[in-house]
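Asker: The following block contains the structure, expressed as structure tokens.
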Amino acid sequence: MKTKMKKVTVLMIAAVFFVLNMQPAGALDKGSLLDRVQTAFDKQVSLSEKPRTMEEINAILDSHFTDQFKEKFVLENVIETEEGFQTFGSDFAPFYIPNFSYSDETKAVKKGDSVFLIEYFRYEEGPVYFEDGYQGVKLTNVDGVLKIEDILYTMPEELKNELNVEDTSSVSDMKSETDEKKTAPLSAQYMNKQYHIFSGYFLDNEQVDLNLI
Numbered sequence: 071m072k073t074k075m076k077k078v079t080v081l082m083i084a085a086v087f088f089v090l091n092m093q094p095a096g097a098l099d100k101g102s103l104l105d106r107v108q109t110a111f112d113k114q115v116s117l118s119e120k121p122r123t124m125e126e127i128n129a130i131l132d133s134h135f136t137d138q139f140k141e142k143f144v145l146e147n148v149i150e151t152e153e154g155f156q157t158f159g160s161d162f163a164p165f166y167i168p169n170f171s172y173s174d175e176t177k178a179v180k181k182g183d184s185v186f187l188i189e190y191f192r193y194e195e196g197p198v199y200f201e202d203g204y205q206g207v208k209l210t211n212v213d214g215v216l217k218i219e220d221i222l223y224t225m226p227e228e229l230k231n232e233l234n235v236e237d238t239s240s241v242s243d244m245k246s247e248t249d250e251k252k253t254a255p256l257s258a259q260y261m262n263k264q265y266h267i268f269s270g271y272f273l274d275n276e277q278v279d280l281n282l283i
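So for the sequence shown, our numbering puts the first residue at 71; every next one is plus one.
Here it is, written out as structure tokens:
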């Protein structure tokens, strides 16, 4: 009898632990979370404004991204020019935060030391084809501060039941720092401009025929 009681107690404790660690992020203040992710996106975009030193780029990203993520992002997107280092526009640039609506459609879920921000994207017809599906970001607790750890292109398995997701086949105690500096998000013109990658350089459409060897 005592053994059965112990098993029941253990199961109850485990259930409580699961509920506390798998919950909507309302307790974290969803508004502040959305502000932090949007600021992180703006920081990524700002790297295209002008050439900078690598130290300056690291300082811009450091407050909102983990070290591992910064390394991946810089490796894939930062180009060296005669004046310094910067990013260039591309519709297919990896490791950029999705263009969230930052509305009720943007779902936030806390799981352990991580927080997931997920949204289902429906794309209109345009010059570039994107398939409808879930995209998101994973934030993790680094010394008490939420930082971007990964970009998601599918709904994580552990969140499907939490968000009542039926079909995802079409598309991978915390605080926010205060005084978030806001900049304008990407304009439609910026997002739609086409670039091509050749030999490590981004070439404008009008230059492609002249530069290809």
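Here a beta-carbon is modelled for each residue, glycine too, at the ideal position from N, C-alpha and C.
To the nearest angstrom, how far is it from the Cα of Asp213 to the Cα of Lys142?
Answerer: Reading the sequence shown from its first residue, position 143 is the one you call residue 213. Reading the sequence shown from its first residue, position 72 is the one you call residue 142. Taking the straight line joining both Cα atoms gives about 21 angstroms.
Asker: In whole angstroms, what separates the C-alpha of Lys168 from that of Val207?
Answerer: As a position in the sequence shown, residue 168 is number 98, starting the count at 1. As a position in the sequence shown, residue 207 is number 137, starting the count at 1. The residue asked about is misnamed: residue 168 is Pro in this sequence, not Lys. Pro168 and Val207: Cα-Cα distance of roughly 8 angstroms.
Asker: For the beta strand (DSSP E) containing Ser184, name the first residue and the last one.
Answerer: Indexing the sequence shown from 1 puts residue 184 at position 114. Run containing Ser184: 184-191, per the beta strand (DSSP E) assignment.
Asker: Can you tell me whether DSSP reads Leu233 as helix, strand or coil?
Answerer: Residue numbering aside, residue 233 sits at position 163 when the sequence shown is read from its first letter. Residue state, collapsed to three classes: coil.
Asker: Cα separation between Met225 and Thr176?
Answerer: Walking along the sequence shown from the start, residue 225 turns up at place 155. Walking along the sequence shown from the start, residue 176 turns up at place 106. Cα to Cα, the separation comes out at about 13 angstroms.
Asker: Considering Cα atoms alone, identify which of Tyr204, Glu119, Leu117, Leu209 is closest to Tyr223.
Answerer: On the sequence shown, residue 223 is found 153 positions in, with the first residue counted as 1. Ranking Tyr204, Glu119, Leu117, Leu209 by Cα distance to Tyr223 puts Tyr204 first.
Asker: Examine the Cβ distances between the stretch 150-159 and the stretch 176-187 and report whether three or more of them are shorter than 8 angstroms.
Answerer: Flag = no, the stretch 150-159 and the stretch 176-187 do not touch.
Asker: Suppose contacts are defined by Cβ-Cβ distances below 7 angstroms. Is Ile218 in contact with Leu209 by that definition?
Answerer: Residue numbering aside, residue 218 sits at position 148 when the sequence shown is read from its first letter. Residue numbering aside, residue 209 sits at position 139 when the sequence shown is read from its first letter. Taking 7 angstroms as the Cβ cut-off, Ile218 and Leu209 qualify as a contacting pair.
Asker: For Ile149, is the classification buried or exposed, using 16 other Cβ atoms within 10 angstroms of its Cβ as the cut-off for buried?
Answerer: Locating residue 149 in the sequence shown gives position 79, counting from the first residue. So Ile149 ends up on the exposed side.
Asker: In chain order, what residues of the same chain have a beta carbon less than 7 angstroms from the beta carbon of Pro121, not counting five sequence neighbours either side?
Answerer: In the sequence shown, the residue the question calls residue 121 occupies position 51. For Pro121, where only same-chain residues beyond five positions count, the Cβ hits under 7 angstroms are Thr151, Glu153, Gly154, Phe155, Gln156.
Asker: Could you name the residues that DSSP lists as bridge partners for Gln205?
Answerer: Locating residue 205 in the sequence shown gives position 135, where the first residue counts as 1. Answer by DSSP bridge pairing, in chain order: Glu189.
Asker: Using CA coordinates, which residue listed in Asp220, Ile221, Ser133, Asp174 is at the minimum distance from Leu233?
Answerer: Here residue 233 refers to the residue found at position 163 when the sequence shown is read from its first residue. Nearest C-alpha to Leu233: Asp174.
Asker: Is the beta carbon of Glu189 closer than 7 angstroms to that of Phe162?
Answerer: Sequence index remark: in the sequence shown, residue 162 carries index 92 (1-based). Sequence index remark: in the sequence shown, residue 189 carries index 119 (1-based). For Phe162 and Glu189, no; Cβs fall outside 7 angstroms.
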